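Before any comments, here is the structure.
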Amino acid sequence: MNQPRIAPPGADRAMRKPHRLSYLALCFVAAALLFDKVITTLVVGLLAYVLYEIVFRRNPRVIVLVVSSVACFVAFEHFGKIILKAQFARVFDEGADHRLKPDKSRGINSDGIRCPYEADHYTDRTYNIVFLGDSFTYGAKLPYEESFPAQVEAILRDRDPALDARCINFGWISSSPGPSLRLLKDIGEKYKPKLVIMCLDMTDFGDDVRSLSNVGYWEKSPTAYLLMQFGLRGALQELHESTWLNILWRAKRGLTRPLPVMRFFVTNQPLEESILDMQETERNLQRIVDFSRDTLGAKFILVMLPRHFQYSYREAPKSWEKASYTVMGPYVKEPFKWLAALRARVDYPCYSLLEDFEKTSVFPTCFEDDPHWNAAGCRVAAEGIVRILSAEGITRAAAATQPASRAESN
Numbered sequence: 000m001n002q003p004r005i006a007p008p009g010a011d012r013a014m015r016k017p018h019r020l021s022y023l024a025l026c027f028v029a030a031a032l033l034f035d036k037v038i039t040t041l042v043v044g045l046l047a048y049v050l051y052e053i054v055f056r057r058n059p060r061v062i063v064l065v066v067s068s069v070a071c072f073v074a075f076e077h078f079g080k081i082i083l084k085a086q087f088a089r090v091f092d093e094g095a096d097h098r099l100k101p102d103k104s105r106g107i108n109s110d111g112i113r114c115p116y117e118a119d120h121y122t123d124r125t126y127n128i129v130f131l132g133d134s135f136t137y138g139a140k141l142p143y144e145e146s147f148p149a150q151v152e153a154i155l156r157d158r159d160p161a162l163d164a165r166c167i168n169f170g171w172i173s174s175s176p177g178p179s180l181r182l183l184k185d186i187g188e189k190y191k192p193k194l195v196i197m198c199l200d201m202t203d204f205g206d207d208v209r210s211l212s213n214v215g216y217w218e219k220s221p222t223a224y225l226l227m228q229f230g231l232r233g234a235l236q237e238l239h240e241s242t243w244l245n246i247l248w249r250a251k252r253g254l255t256r257p258l259p260v261m262r263f264f265v266t267n268q269p270l271e272e273s274i275l276d277m278q279e280t281e282r283n284l285q286r287i288v289d290f291s292r293d294t295l296g297a298k299f300i301l302v303m304l305p306r307h308f309q310y311s312y313r314e315a316p317k318s319w320e321k322a323s324y325t326v327m328g329p330y331v332k333e334p335f336k337w338l339a340a341l342r343a344r345v346d347y348p349c350y351s352l353l354e355d356f357e358k359t360s361v362f363p364t365c366f367e368d369d370p371h372w373n374a375a376g377c378r379v380a381a382e383g384i385v386r387i388l389s390a391e392g393i394t395r396a397a398a399a400t401q402p403a404s405r406a407e408s409n
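At position 189 of the sequence shown (counting the first as 1) the number is 188 in numbering that gives the first Met the number 0, and the numbers step up by one without a gap.
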């Protein structure tokens, strides 16, 4: 009887290599690197593997791992939001506008604005200037006297004491023209402004759109918050842009247009792709102009504030926002094109501080690990605004060597 032929040990292995999932995963990662959306590709691959293990192989370990991970994520989101809300509530009022809470120890007066005085300090005999804006106007990471509104007041009182200028800082973190208008309507008359200056930041366009759907600090995901703190915001944005669930979430908000995902969408793409999402800000600006003129009897000036990545390669090299923009990229100055076009069709002055920061010899103007201006950067901004006031005939303060740039010069 013929005995079955037994292959020598290792012969079968020599004929074909064993299938190993680790090799497959390695090849998939290598292939993913060939594509632009790396994070999305990797996540899709991971989800495909998980579905394969659950649906086809019914792998109990993977099923338990997925169920426990989802449960942990849901619990983290739920309790994390409670913790975040408690932390934010120590500084901000609840609501989409997340205004500052009165706190004299932090220099926040009874109206919730960063001001060392109460409203009765400002009279009809003083030239009161209200500054509207976000954290740049507020002066994040700086004492009050180093914020640029405070420095503008100091410069004006030194150079043009007869004006008796008094600057009131209505800026707060993540504000934009929409919330600023609501604050101005609520308390603006108490401060008797003769001039309202709206300081427009690059993130204001997205913040204005989000404020329509009540998306503020109170709805911030703790997962998104942690990713942002660890510099992974770019990965989160890529996934947020790619998933169909995001589109469904936007539709649930009842918006006629989807929310722009990127905070800096106006500097990351051609102007024509951003223009529709900039219209809400333009409408809010006109509302501020109308309220300032008709109700407050005040003049209005728009000043666009540049970000460091629009004027320097060297500034804020360790900024926590660096994954959200391209330093000196091809579209970083698109918002200034919008500003030039805006100036041609509105009846209020539109200025930019871009040229002031491009030409200054001051370095650094920002913190190393944060995009906000340091005290020296705020001084550059303050000098630029004083020159704007001089150009508008508001003050006799001596003009410095370089003029503040109007919109059309950019």
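Beta carbons are placed, not taken as given, at the ideal position from N, Cα and C, and that holds for glycine.
These numbers were taken from a predicted model, which means no experiment stands behind them.
Our contact map puts residue i next to residue j with C-beta atoms below 8 Å; I'd like the distance itself, whole angstroms only.
{"i": "Arg-262", "j": "Ser-323", "result": "6 Å"}
{"i": "Gln-150", "j": "Ala-381", "result": "4 Å"}
{"i": "Ala-139", "j": "His-371", "result": "5 Å"}
{"i": "Leu-182", "j": "Phe-169", "result": "6 Å"}
Taking its Cβ as the centre, do 16 or more other Cβ atoms sit within 10 Å of residue i, making it buried, or is it exposed?
{"i": "Ala-30", "result": "exposed"}
{"i": "Ser-311", "result": "buried"}
{"i": "Lys-193", "result": "buried"}
{"i": "Gly-215", "result": "Below a pLDDT of 50, predicted positions are generally treated as unreliable, and Gly-215, at 48, falls in that range; no measurement from the model is reported."}
{"i": "Pro-111", "result": "The amino acid at residue 111 is misidentified as Pro; the sequence shows Gly. The residue is buried, with at least 16 neighbouring Cβ atoms inside 10 Å."}
{"i": "Ile-393", "result": "buried"}
{"i": "Pro-316", "result": "exposed"}
{"i": "Thr-359", "result": "buried"}
{"i": "Arg-395", "result": "exposed"}
{"i": "Cys-198", "result": "buried"}
{"i": "Val-28", "result": "exposed"}
{"i": "Tyr-126", "result": "buried"}
{"i": "Phe-72", "result": "exposed"}
{"i": "Pro-178", "result": "buried"}
{"i": "Val-208", "result": "buried"}
{"i": "Leu-25", "result": "exposed"}
How many angstroms separate the CA atom of residue i from the CA atom of residue j?
{"i": "Ala-297", "j": "Cys-166", "result": "14 Å"}
{"i": "Val-61", "j": "Tyr-48", "result": "10 Å"}
{"i": "Glu-354", "j": "Cys-114", "result": "29 Å"}
{"i": "Ile-53", "j": "Val-66", "result": "11 Å"}
{"i": "His-307", "j": "Asn-267", "result": "14 Å"}
{"i": "Pro-269", "j": "Pro-259", "result": "14 Å"}
{"i": "Phe-55", "j": "Thr-40", "result": "22 Å"}
{"i": "Glu-367", "j": "Asp-96", "result": "29 Å"}
{"i": "Ala-390", "j": "Lys-321", "result": "35 Å"}
{"i": "Ser-273", "j": "Leu-45", "result": "33 Å"}
{"i": "Leu-50", "j": "Leu-225", "result": "27 Å"}
{"i": "Ile-82", "j": "Phe-264", "result": "30 Å"}
Determine whether the beta carbon atoms of residue i and residue j lie at a separation below 8 Å.
{"i": "Asp-123", "j": "Lys-80", "result": "no"}
{"i": "Leu-141", "j": "Cys-365", "result": "no"}
{"i": "Val-326", "j": "Phe-356", "result": "no"}
{"i": "Val-195", "j": "Leu-131", "result": "yes"}
{"i": "Thr-222", "j": "Glu-76", "result": "yes"}
{"i": "Asp-133", "j": "Ile-107", "result": "no"}
{"i": "Phe-362", "j": "Arg-313", "result": "yes"}
{"i": "Asp-200", "j": "Phe-135", "result": "yes"}
{"i": "Lys-184", "j": "Phe-299", "result": "no"}
| task | Flag this pair as touching only if the region 330–345 and the region 376–386 have three or more C-beta atom pairs under 8 Å; answer yes or no. | result | No, the region 330–345 is not in contact with the region 376–386.
| If we count Cβ pairs, one from each stretch, closer than 8 Å, do we get three or more for the region 94–103 versus the region 153–164? | Touching, no, given that fewer than three Cβ pairs across the two stretches are closer than 8 Å.
| Counting pairs of beta carbons, one from the region 279–298 and one from the region 109–120, are three or more of them closer than 8 Å? | Too few Cβ pairs lie closer than 8 Å, so no.
| For the 8 Å Cβ check, are there 3 or more pairs between the region 342–360 and the region 298–306? | By the Cβ criterion, the region 342–360 is in contact with the region 298–306, since at least three pairs of Cβ atoms, one from each stretch, lie closer than 8 Å.
| request: May I ask you to verify whether the region 265–283 touches the region 196–207, counting CB pairs closer than 8 Å and requiring at least 3? | output: Segments in contact, yes.
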